[in-house]
Amino acid sequence: MKLWSIEGNTQKLDGGAMFGNAPRALWERWVRVDERNRIDLACRALLASPINGKTVLFDTGIGAFFPPQLRERYGVVEDHHALLESLAKAGFGHEDIDVVVLSHLHFDHVGGLLAAWEDGQPLRLLFPNATFVVGAKHWQRARRPHPRDRASFIPEVPGLLEASGRLELVEGDFCKALGPAVRFHHSDGHTPGLLLAEVLGPRLVDGAAHGGVVFCADLIPGIPWVHVPITMGYDRCAEELIDEKTAFLEDMLAREVGLFFTHDAGHALARVAKDEKGRFSAVNAQAELRAMALG
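Residue numbering for the sequence shown follows the working numbering, beginning at 1 and increasing consecutively.
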């Protein structure tokens with residue numbers, strides 16, 4: 001199995017929103033800030049092939065579906081579909097993808113499912129041969145959003161996914177499309193029913209898989225958020241997320257699982273470390289993955 005980091009369209013978002021109640025004096029040590037108080041964010045996908053004989057894409061980034069006015073409002077930098085270009089550089093087209101695993105349905109994670117904006121044209125779903133995997137609990141949230149996060153969803157996407165006839169909703173730790181090769185961890189702190197997909201590693205120790213890679217989605221958007229107290233203003237429940245993140249990092253550290261970051265502007269993958277005071281950190285960070293062999 002080989003892994004690629006697939007760069008999608010990038011964003012600039014308010015640093016205060018991305019770091020919750022942490023003061024700027026703290027978080028500006030970790031990221032570059034522009035004159036509008038915005039920080040650079042990636043919208044990075046993970047490509048793995050083969051998994052259970054299939055080519056799998058984890059998330060699709062924000063894409064290029066926004067019209068120009070909304071692209072400016074949400075800080076989307078490129079006006080073209082960067083994810084498709086990155087897939088092509090890795091040797092794949094969107095038609096080659098057999099399974100798309102969606103951590104959740106916020107627009108910066110599923111916008112890449114859609115064709116680039118064209119004036120007067122309706123939203124159109126790409127990936128014509130893919131099964132779309134979504135958490136069942138989150139699916140209910142997306143169909144009936146809370147006022148707090150209604151603006152985070154693309155209203156047309158659930159209907160497009162259903163109409164494809166290729167939607168699989170996941171309730172447990174595994175899905176039919178990928179079998180035992182990918183295990184799902186579930187989180188509710190950022191949004192109800194967030195899926196954290198772990199591509200299981202090749203080593204078994206006392207029956208537990210070691211050495212895999214986990215798609216951290218918005219539980220841990222990037223390296224600064226590995227520090228347990230750091231959360232986003234976009235999170236539904238910061239205290240719940242902190243508890244989930246602590247247990248998650250303990251597990252990934254014990255089983256030597258790499259963390260894959262979707263929003264870190266400079267790093268795609270890192271390992272977990274823990275110091276003598278019990279503080280977690282990211283080590284051995286890699287900027288990108290190019291056909292990296294798992295394990």
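We put the beta carbon where it would ideally sit given N, CA and C, even for glycine.
All figures in this text were calculated on a predicted structure; none of them were measured in a lab.
Judged by their CB atoms, GLY75 and ASN9 are not nearer to each other than the 8 angstroms cut-off.
Apart from sequence neighbours up to five positions away, the residues of its chain that approach ASP275 with a beta-carbon distance below 8 angstroms are SER281, ordered along the chain. Straight across, the Cα-Cα distance linking LEU259 with ARG29 is about 22 angstroms. Ranking GLU156, LEU41, ASP264 and ALA90 by CA distance to the CA of MET292 puts ALA90 first.
In this structure GLU198 is buried. Its beta-carbon is surrounded by 16 or more other beta-carbon atoms within 10 angstroms. Sequence-distant partners of ILE51 (beyond 5 residues in either direction) whose C-beta falls short of 8 angstroms from its own C-beta, in its chain, are MET1, VAL99, LEU178, ALA181, VAL182 and VAL199. Comparing alpha carbon positions, the residue from SER86, LEU102, GLY111 and ARG36 closest to LEU70 is GLY111. In this structure, the alpha-carbon of GLU240 lies about 7 angstroms from that of ASP188. Only buried fits ASP40, as 16 or more other CB atoms lie within 10 angstroms of its CB. Shortest Cα-Cα distance from ARG32 to any of LEU253, PRO224 and GLN286 involves PRO224. Here the stretch 146-156 makes no contact with the stretch 205-217; the two share fewer than three CB pairs at distances below 8 angstroms.
Counting C-beta pairs closer than 8 angstroms gives three or more between the stretch 79-90 and the stretch 6-24, which meets the contact rule. By the CB criterion at 8 angstroms, ARG255 and ALA217 fall outside the cutoff. Counting of Cβ neighbours within 10 angstroms places THR60 among the buried residues, the total reaching 16 or more.
The Cβ atoms of PHE215 and SER103 lie closer than 8 angstroms to each other. LEU3 is not a Cβ neighbour of VAL283, given a cutoff of 8 angstroms. In terms of Cβ geometry, LEU196 and LEU219 form a close pair [threshold 8 angstroms]. Beta-bridge analysis with DSSP links ILE154 to no other residue. Of the residues assessed, ASP108 falls on the buried side of the cut-off, its CB having 16 or more other CB atoms within 10 angstroms.
If you draw a straight line from the Cα of HIS186 to the Cα of GLY193, it is about 6 angstroms long. Assignment of MET252 by DSSP, reduced to helix, strand and coil, places it in the helix class. The Cβ neighbour count for GLU244, taken over all protein chains shown within 10 Å, is at least 16; the residue is labelled buried. In terms of Cβ geometry, ALA42 and THR262 form a close pair [threshold 8 angstroms]. Considered as a whole, the stretch 10-96 harbours 15-18, 24-27, 68-73 and 82-89 as its complete alpha helix (DSSP H) runs of no fewer than 4 residues, in chain order. When DSSP states are grouped into helix, strand and coil, ARG143 belongs to the helix group. Nearest to ARG144 by alpha-carbon distance, out of VAL170, LEU126, LEU114 and THR191, is THR191. Between LEU105 and PHE65, the C-beta gap is not smaller than 8 angstroms, which leaves the two residues out of contact. Taking a 10 Å sphere around the C-beta of THR246, we find fewer than 16 other C-beta atoms and assign the residue as exposed.
Contact between ALA136 and LEU169 holds, with the beta-carbon distance rounding to 4 angstroms and staying under 8 angstroms.
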